[in-house]
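Enquirer: Heads up: the sequence shown runs through residues 385 to 693, numbered per our numbering.
The beta-carbon is built from N, C-alpha and C at its ideal position, and this holds for glycine as well.
Dropping a structure here in structure tokens format, bear with me for questions.
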Amino acid sequence: MKNNILIVDDVHAIFMEMAEAKGYTCDYRPLIKVDEAMQIIGDYAGLVIRSKFRVDRAVLDAATNLQFIARAGAGMDNIDEVYALEKGINLINAPEGNSDAVGEHAIGLLLSLMNNLNRGDAEIRNGEWKREANRGYELKGKTVGIIGYGHMGSSFARKLSGFQVNVIAYDKYKTGFSDKYAREVSMEEIVKHSDVLSLHIPLTTETDGLVDDEYLFHFKKPIFFLNTSRGKTAKVSAILNAIREGKILGAGLDVLEVEKFPSLAEQSWFDELKQSGKVLLSPHVAGWTFDSYRKISEVMAEKLIDLKG
385 MKNNILIVDD
395 VHAIFMEMAE
405 AKGYTCDYRP
415 LIKVDEAMQI
425 IGDYAGLVIR
435 SKFRVDRAVL
445 DAATNLQFIA
455 RAGAGMDNID
465 EVYALEKGIN
475 LINAPEGNSD
485 AVGEHAIGLL
495 LSLMNNLNRG
505 DAEIRNGEWK
515 REANRGYELK
525 GKTVGIIGYG
535 HMGSSFARKL
545 SGFQVNVIAY
555 DKYKTGFSDK
565 YAREVSMEEI
575 VKHSDVLSLH
585 IPLTTETDGL
595 VDDEYLFHFK
605 KPIFFLNTSR
615 GKTAKVSAIL
625 NAIREGKILG
635 AGLDVLEVEK
645 FPSLAEQSWF
655 DELKQSGKVL
665 LSPHVAGWTF
675 DSYRKISEVM
685 AEKLIDLKG
């Protein structure tokens, strides 16, 4: 029991190889249901999850021998972190494994938005040739504001370095992080100077609904808006209001307040969202590439090995 791990979601085989080489025993059950896992979780020292499971107090109480939880990804918002730590359970994640994927995805969203690539493609396929309507913007010389300068925010800044832009960043929980890719600034400066705003923050009680009507009202210039963090950090209704008012020129959203169907289609704002020519959507895949699939598992296994010593 001391070294056995229950894996309840899909992870790359390299994780099992590395963990077992260090003496762990892996029980790989990616199709297991929550109620089934609850019945056996007490027999395991480790739990590996991705996004399928919400590790709440009930799960943690059932996991009487749990020593660690490893999440194959960056955010930890599907784990009751406070309660887990109270129980002495170690928490592991792997933001280093998908930060390049997120940074590249954000660049792709931004360039597509600024140059109307998706809209122009769709119009041509529909027999329309609209040059003037699809005239774009150049990224060079613009000021890009980044909220959150951890693994994801700094990766985006590095990817921007070849575009000759001014990158400024705000992080409530860090100071002195200015580097050759971004300059640390206050939130007031983000609001005043940004031509592009990109979110790279975890979902917490403080960031839940951060981007709302009031927040967007204070921006001095029309912006392009990107969210590759967590959907609930930005209210979709506020984004759509800002688009109608001309405060947002285009929005690239990899995440939404409500995700997956049929729930997404039931939202009051969904019809306007999907019909807007100024919104580019992707299905929460910014950090999920063929490359990051392996890298996340490698990082997670390395941290697990370090934990064991």
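So who's on the other strand from SER582, going by DSSP bridges?
Expert: DSSP output for SER582 lists ILE530, LEU610 as bridge partner(s).
Enquirer: If I measure Cβ to Cβ from ALA446 and keep anything under 7 Å in the same chain, skipping five residues before and after, which residues do I get?
Expert: Answer for ALA446: MET422, ILE425, GLY426, listed in chain order.
Enquirer: Once DSSP output is grouped into helix, strand and coil, what is the label at LYS679?
Expert: It is helical.
Enquirer: Please list, in chain order, all residues of the same chain as LYS679 whose beta carbon is under 6 Å from its beta carbon, the five residues on each side excluded.
Expert: If we look at LYS679 and ignore the five residues flanking it on each side, its Cβ neighbours are GLY481.
Enquirer: Is the segment 470–489 close to the segment 666–678, with three or more CB pairs under 8 Å?
Expert: They touch, by the three-pair rule.
Enquirer: Is it buried or exposed, TYR557, if we count other Cβ atoms within 10 angstroms and call 16 or more buried?
Expert: When all chains shown are included, TYR557 counts as exposed.
Enquirer: Grouping DSSP H, G and I as helix and E and B as strand, with all else coil, what is TYR599?
Expert: Reduced to three states, the DSSP call for TYR599 is helix.
Enquirer: Can you check whether the CB of ALA478 is closer than 9 Å to the CB of ALA456?
Expert: Contact: yes.
Enquirer: Please name the residue or residues paired with TYR412 in a DSSP beta bridge.
Expert: Partner(s): ILE391.
Enquirer: Where does GLY693 land, buried or exposed, given buried means 16+ other C-beta within 10 angstroms?
Expert: Any reading at GLY693 needs caution, since the residue's pLDDT is 48, under 50, leaving its predicted position unreliable; the model's value is listed next. Per the 10 Å Cβ criterion, exposed.
Enquirer: Mind pulling the alpha helix (DSSP H) runs of 4 or more residues that sit fully within the segment 510–570?
Expert: For the segment 510–570, whole alpha helix (DSSP H) runs of length 4 or above, ordered along the chain, are 535–544.
Enquirer: Just verifying my parser: in three-state terms, what is the DSSP assignment at ALA685?
Expert: Helix.
Enquirer: Cα separation between ILE389 and GLY430?
Expert: C-alpha separation (whole angstroms): 4 Å.
Enquirer: Around the Cβ of GLY560, are there at least 16 other Cβ atoms within 10 angstroms (buried) or fewer (exposed)?
Expert: Answer is exposed; the Cβ neighbour count stays below 16.
Enquirer: Would you list, in sequence order, the uninterrupted beta strand (DSSP E) runs of no fewer than 3 residues that lie entirely inside the segment 397–468?
Expert: The segment 397–468 contains these whole beta strand (DSSP E) runs: 409–412, 430–433, 452–455.
Enquirer: Who are the Cβ neighbours of GLU573 in its own chain at under 7 Å, not counting the five residues just before and after it?
Expert: Counting only Cβ-Cβ distances below 7 Å, and skipping sequence neighbours, we find ILE552.
Enquirer: Output yes or no for whether 9 Å exceeds the beta carbon distance between GLY636 and LEU497.
Expert: Against a cut-off of 9 Å, the Cβ pair of LEU497 and GLY636 comes out as a contact.
Enquirer: I'd like to know whether the C-beta of GLY407 is nearer than 9 Å to at least one C-beta of chain D.
Expert: Of the chains in the structure shown, none is chain D; there is only one protein chain.
Enquirer: DSSP on VAL663, reduced to helix/strand/coil?
Expert: Looking at VAL663 - three-state DSSP - the assignment turns out to be strand.
Enquirer: CB ILE688 to CB TYR408, shorter than 9 Å?
Expert: According to the sequence displayed, residue 688 carries Leu and not Ile. Yes. Within cutoff.
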